[in-house]
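S.K.: Take this structure first; my questions come after.
There are 2 protein chains.
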Amino acid sequence: MNNETKTVTLDDIAVGDRYLSREFPLDTAQIKSFARDFDPQPFHLDEAAAAQSFFGGLAASGWHTAAMTMRLMVESVPIADGLIGAGVEISWPRPTRPGDVLHVESTIIAIAPSKSRPDRGIVTMQTDTFNQDGEQVQKLVSKLVVFRRGAG
Amino acid sequence: MNNETKTVTLDDIAVGDRYLSREFPLDTAQIKSFARDFDPQPFHLDEAAAAQSFFGGLAASGWHTAAMTMRLMVESVPIADGLIGAGVEISWPRPTRPGDVLHVESTIIAIAPSKSRPDRGIVTMQTDTFNQDGEQVQKLVSKLVVFRRGAG
């Protein structure tokens with residue numbers, strides 16, 4: 433685990449490097465606020481409707497889980513020129529619930545220097561989001577544009 | 433294009449069915465507010481820093497584009513038991529900018545009835561997000577859990 437505040441570039445990272453975030457506590461008000469803005473479906477807004485739904489109780493929007501994950505990635509993955517995503521794959525193996533305390537673990541799984549643009553590369557990072565019971569609520573695989581030292 | 437308010441189930445949909453959303457206008461305040469909460473990087477928060485970045489100017493977080501897309505999907509894709517995502521793939525071919533007016537076009541590209549659970553299936557939907565110039569700012573492919581009539 434690497435949790436220092438010094439930033440890194442494409443020249444400094446290696447496959448297998450890992451970054452651990454802080455914990456992020458989630459409450460019902462946050463779940464409903466995000467849902468009102470971006471995912472106004474009954475199972476994200478109303479306990480009674482949620483109890484009768486696929487989720488069997490109030491659940492956060494998957495997009496809220498993704499957004500919280502991004503917040504924790506920004507704080508914990510110290511890439512010098514920022515986290516610039518070209519594309520991602522996400523799955524949600526189980527719901528995020530009110531009262532959950534999330535954290536994320538990010539691992540570099542591939543590094544592909546660009547042939548056409550020698551100042552950068554594409555880094556593949558897997559970021560797993562867990563609740564306080566160690567259950568995975570999201571798997572994210574991101575393709576990031578990462579620059580060499582002095583290029584950004 | 434199908435834009436009626438009647439809801440549909442797994443029994444009612446077919447590959448090729450399409451759904452068109454309303455338009456969603458985006459301003460600088462919304463971009464910065466989302467970024468403060470979920471993606472606090474300089475190119476989403478500060479015009480001067482953004483001008484010097486990869487993006488060459490203020491850009492919305494990709495997660496904000498995804499969240500706005502979900503809002504427009506919830507309003508325009510009338511699946512009876514809701515939009516329940518098992519997983520997604522996203523790419524962002526160009527940034528979303530202040531002043532953009534977004535809309536989304538969703539197309540059903542595959543339907544796979546579940547063998548183990550006859551009351552449901554997995555529907556693959558592609559949702560393309562465009563700005564006011566017809567430029568694509570996001571491509572989303574979602575795997576949705578969709579129920580048969582009366583099963584939800």
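Note that the protein sequences, when read in sequence, are chains A and X. One point on numbering: in the numbering used here, the residue at position 88 of the first sequence is 520, and numbering is uninterrupted. One point on numbering: in the numbering used here, the residue at position 139 of the second sequence is 571, and numbering is uninterrupted. Beta carbons: idealized from backbone N, C-alpha and C, even for Gly.
So, does the CB of A:Asp-471 fall closer than 7 Å to a CB anywhere in chain X?
M.R.: yes
S.K.: From which residue to which residue does the beta strand (DSSP E) around A:Ile-463 run?
M.R.: That residue, A:Ile-463, is in no beta strand (DSSP E); its alpha helix (DSSP H) goes 460-470.
S.K.: Applying a beta-carbon distance threshold of less than 8 Å, which residues of chain X neighbour A:Met-557?
M.R.: Think of a sphere of 8 Å around the beta carbon of A:Met-557: no beta carbon from chain X falls inside it, the nearest being about 14 Å out.
S.K.: Go ahead and label X:Thr-561 buried or exposed: buried means 16 or more other beta carbons lie within 10 angstroms of its beta carbon, across all protein chains shown.
M.R.: buried
S.K.: Anything in chain A within Cβ reach of X:Glu-521, meaning under 9 Å, just list it in chain order.
M.R.: Gly-519, Val-520, Glu-521, Ile-522
S.K.: When you compare only the Cα positions, how much space is there between X:Gly-553 and A:Gly-488?
M.R.: Rounded to whole angstroms, the gap between the alpha carbons of X:Gly-553 and A:Gly-488 is 19 Å.
S.K.: In the DSSP assignment, find the unbroken beta strand (DSSP E) run with X:Arg-552 in it and report its ends.
M.R.: 552-562
S.K.: Do A:Phe-579 and X:Met-502 have their beta-carbon atoms positioned less than 7 Å apart in this structure?
M.R.: no
S.K.: Return the bridge partner residues of X:Ala-544 from the DSSP annotation.
M.R.: X:Ile-554
S.K.: Around the C-beta of A:Gly-448, are 16 or more other C-beta atoms found within 10 angstroms, so that it is buried, or is it exposed?
M.R.: exposed
S.K.: What residues of chain A sit near X:Ile-554, judged by a beta carbon separation below 9 Å?
M.R.: Around X:Ile-554, no beta-carbon contact reaches into chain A at under 9 Å, the shortest distance being about 12 Å.
S.K.: Using a Cβ-Cβ distance cut-off of 7 Å, determine whether X:Val-506 contacts chain A.
M.R.: yes
S.K.: Does the beta-carbon of X:Gln-570 have 16 or more other beta-carbons within 10 angstroms, so that it is buried, or is it exposed?
M.R.: buried
S.K.: Helix, strand or coil for X:Ser-508 per DSSP?
M.R.: X:Ser-508 carries a helical assignment under DSSP once its states are collapsed to helix, strand and coil.
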